[in-house]
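This report refers to the structure that appears directly beneath it.
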Amino acid sequence: MTCIVLSILLGFAGLGIDIGRMYVIQSELQAFSDASALNAALQLDGAEGAIERARLAASEFASGPHAMKWDLGSQPITDIKASFAKGDAAPDPKTWQSEPRDSSGLHFVRVVVSAPAPLLFLRALPAGKAGFSSVAVSSVAAKTPGGARLIQ
Amino acid sequence: MKERREGSALIEFAGSLIVVSALFTGIFQFSYALSTYHALVNAVRAGARYASLQPQPSDTAKQDFTKAVQNVVVYGDPAPAPNAKPVAPGLTIEKVALVLDSGTATVSVRDFELAAIFSTIKLDGRPTVTFPLTRPSPLTDASK
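If you read the sequences in order, they're chains A and B. For the first sequence, position 149 (counting from the first letter as 1) is numbered 148 according to numbering that gives the first Met the number 0, and the numbering increases by one without interruption. For the second sequence, position 94 (counting from the first letter as 1) is numbered 93 according to numbering that gives the first Met the number 0, and the numbering increases by one without interruption.
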């Protein structure tokens, strides 16, 4: 009886730890994707090479002396995807492209960041067999005359 | 016979109590550390975002600007009330560093000891959040 009750209690406590860790990772990735989206949006000036500059800007904060990291600030962020859209007040959903040929009219950038959150206790369940759970966040920023702003 | 059973149940209870207490204390400690770190990430992000939205400070205004950012991180307000409480126990403005560098604002926690039950976890340089400065440069001191 004691063993059964203990297993259930520990199972729930472990669930709390794994989910808590995922929330921390999500916050770290969200801060990164917000900053990256803003940094990329600042490059969308319509000039030649703007897309390439924006793409580089999206991953700028993942390296260097002030690099942002995940998993309690210990792991470098590597999975960063940027896509671009046209639009006026809001991005036109039909125009999202990850490899646009021309930068003219592109004012919006979406940065999607993901990381494999390690599981300590949930790997005992069938759903956590892989030992990690993918955590993904996204941010959308727009180029504005004064700079850039976050949309989502 | 009955006394013997009661005795062994007592020993079982005592043994499992020690194991369960140690386990739950460990789980509490880990969860507390996670919760505090989560609060720090959000606070540092708020500070960096605040810095990114302000006009870049002139040299003379840099000190006030830094203090405002530190206050946002620690108290969630650039001008906190005198009795404001920090977002994490033991977090003070001296433990928050702001670096303004080539169009970016980097905010990080420095030399902070996250006090858990059995041990302290030292955080130096994490969490770190960098935001681009999204406001145009302000007047310089000379142009005032």
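Cβ coordinates follow ideal geometry from the N, Cα and C atoms, glycine included. These numbers were taken from a predicted model, which means no experiment stands behind them.
Are the segment 113 to 130 of chain B and the segment 22 to 42 of chain B in contact at 8 Å, needing three or more beta carbon pairs?
Taking a cut-off of 8 Å for Cβ pairs, the segment 113 to 130 of chain B and the segment 22 to 42 of chain B touch, as three or more such pairs fall below it.
Is there a Cβ of chain A sitting closer than 9 Å to that of residue 29 (chain B), yes or no?
yes
Skipping 5 residues on each side, what residues in its chain have a beta carbon closer than 8 Å to that of residue 20 (chain B)?
none
Inter-residue spacing [alpha-carbon to alpha-carbon] between residue 70 (chain B) and residue 46 (chain A):
39 Å
Where does residue 0 (chain A) land, buried or exposed, given buried means 16+ other C-beta within 10 angstroms?
exposed
Looking at chain B, which residues of the segment 11 to 45 of chain A have a Cβ within less than 7 Å of any of its Cβ atoms?
12, 15, 16, 19, 20, 22, 23, 26, 27, 30, 34, 37, 38, 41
Considering residue 109 (chain A), what are the terminal residues of the alpha helix (DSSP H) in which it resides?
Counting along the chain, residue 109 (chain A) falls outside any alpha helix (DSSP H), though it belongs to the beta strand (DSSP E) covering 105 to 117.
Look up residue 3 (chain A) in the DSSP assignment and say whether it is helix, strand or coil.
helix
Does the distance from the CB of residue 60 (chain A) to the CB of residue 103 (chain B) come in under 9 Å?
Cβ atoms of residue 60 (chain A) and residue 103 (chain B): closer than 9 Å.
For residue 10 (chain B), the three-state DSSP class (helix, strand or coil):
Reduced to three states, the DSSP call for residue 10 (chain B) is helix.
Hey, residue 79 (chain A) and residue 138 (chain A) are a contact pair by Cβ (cut 8 Å); roughly how many whole angstroms apart?
About 11 Å; that fails the 8 Å criterion.
Supposed close pair residue 111 (chain B), residue 132 (chain B) - CB separation, criterion 8 Å:
Incorrect: roughly 25 Å between the Cβ atoms, too far for contact.
Assign residue 142 (chain A) to one of two classes, buried (16 or more other C-beta atoms within 10 Å of its C-beta) or exposed (fewer than that).
It is buried - the Cβ of residue 142 (chain A) has at least 16 other Cβ atoms within 10 Å.
At the 9 Å Cβ level, is residue 137 (chain B) part of the contact set with chain A, yes or no?
Caution is warranted here: a pLDDT of 49 is assigned to residue 137 (chain B), below 50, making its placement in the model unreliable, and no coordinate value can be reported.
Go ahead and pull the three-state DSSP assignment for residue 29 (chain A).
helix
What is the C-beta distance between residue 111 (chain A) and residue 39 (chain A), in whole angstroms, given that I count them as a contact (C-beta under 8 Å)?
Their Cβ separation, rounded to whole angstroms, is 12 Å, which puts residue 111 (chain A) and residue 39 (chain A) out of contact at 8 Å.
Which residues in chain A have a C-beta closer than 7 Å to the C-beta of residue 36 (chain B)? List them in chain order.
23, 71
Is residue 45 (chain B) near residue 113 (chain B), with beta carbons less than 9 Å apart?
no
Nearest-angstrom Cα distance between residue 17 (chain A) and residue 114 (chain A)?
15 Å
List the whole-angstrom C-beta distance separating residue 69 (chain A) from residue 28 (chain A), where the pair is believed to meet the contact cut-off of C-beta under 8 Å.
About 6 Å separates the two Cβ atoms, so the contact holds.
Just tell me which of B:129, B:100, B:87 has its CA closest to the CA of residue 106 (chain B).
B:129
Residue of A:148, A:87, A:108, A:151 minimising C-alpha distance to residue 51 (chain A)
Nearest Cα to residue 51 (chain A) within the set A:148, A:87, A:108, A:151: A:108.
Please classify residue 218 (chain B): is it buried, with 16 or more other beta-carbons within 10 angstroms of its beta-carbon, or exposed?
Any property of residue 218 (chain B) remains undetermined from this structure, which presents chain B solely from 0 to 143.
When B:55, B:53, B:73, B:124 are compared against residue 92 (chain B), the one with the closest alpha-carbon
Of the listed residues, the one whose Cα sits closest to residue 92 (chain B) is B:73.
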